[in-house]
Amino acid sequence: MVKDVLSVHSGIDIAILNGGIASKGRSVADTEPEELWQLVATHALGPHQLCRALIPSMRTRGRGDIVFISSVATSGMSANGAPYNMGKAAMEALALTLAKEERPNNIRVNIVAPGLVETDMGVRLARAITGRREMDDLRSMDEAAPFGRVCQPEDIANAVLWFCSPAASYITGQRIQVDGGGSSLRVGQ
Numbered sequence: 005m006v007k008d009v010l011s012v013h014s015g016i017d018i019a020i021l022n023g024g025i026a027s028k029g030r031s032v033a034d035t036e037p038e039e040l041w042q043l044v045a046t047h048a049l050g051p052h053q054l055c056r057a058l059i060p061s062m063r064t065r066g067r068g069d070i071v072f073i074s075s076v077a078t079s080g081m082s083a084n085g086a087p088y089n090m091g092k093a094a095m096e097a098l099a100l101t102l103a104k105e106e107r108p109n110n111i112r113v114n115i116v117a118p119g120l121v122e123t124d125m126g127v128r129l130a131r132a133i134t135g136r137r138e139m140d141d142l143r144s145m146d147e148a149a150p151f152g153r154v155c156q157p158e159d160i161a162n163a164v165l166w167f168c169s170p171a172a173s174y175i176t177g178q179r180i181q182v183d184g185g186g187s188s189l190r191v192g193q
């Protein structure tokens, strides 16, 4: 993939690592090893290989931004999600390591950690959490959500854009949770 981009463009300045899959929501004792390997490969090993391929281009250009899309799941480490939690936590470890390694090369590395977002994956997760299989979107959850609405993809994009903007030129190795405060504030605060 990196070779294809470099064959068309002179270099890579920004990389957003946004690949992800959900776990099946089983306890550790009931999780199949294949699921664990698949999620760790998707969330951590794939990003590692992608960064190995793209960082040389960023180094020759003298700057770069890498933003990893993680999850608030790494803050709570909820039950019945070990493969997802482990994969995203390993990805965050990679991001923070890269931030230290690549700072001398003017490459900034940061993390955006969304909560529940209205995407296909978010709808599947909400169906599993609520047991409402007929749910087509997350609008029915707006009233209970922070700020009276469920997080939208644009909310995540805005955080990513900020990390890659001149306004964040002195920021690396940081993590922003984009969840309306839902994972860090109690209802009513």
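The opening residue of the sequence shown carries number 5 in my numbering; numbering runs sequentially from there. All residues carry an ideal CB built from backbone N, CA and C; glycine is no exception.
| Check | Outcome |
| --- | --- |
| Alpha carbon to alpha carbon, how far is Val12 from Val6? | 10 angstroms |
| Excluding sequence positions up to five away, which residues of its chain have a Cβ less than 7 angstroms from the Cβ of Arg190? | Note that Arg190 has pLDDT 44, beneath the 50 cutoff, so the model's placement of it is unreliable and no number is given. |
| Could you spell out where the alpha helix (DSSP H) holding Asn162 opens and where it closes? | 157–167 |
| Mapping the DSSP letters down to three states, classify Val234 as helix, strand or coil. | Since the first residue of the chain shown is 5 and the last is 193, residue 234 is not available in this structure. |
| Nearest to Asp159 by CA position, among Gly15, Gly184, Gln178, Arg143, is which residue? | Gly184 |
| Please classify Gln178: does DSSP put it in a helix, a strand, or coil? | coil |
| Helix, strand or coil for Val44 per DSSP? | helix |
| Using beta-carbon positions only, say whether Gly177 and Val116 come within less than 8 angstroms of one another. | no |
| Distance check for Pro87 and Ser27, CA to CA, integer angstroms please. | 6 angstroms |
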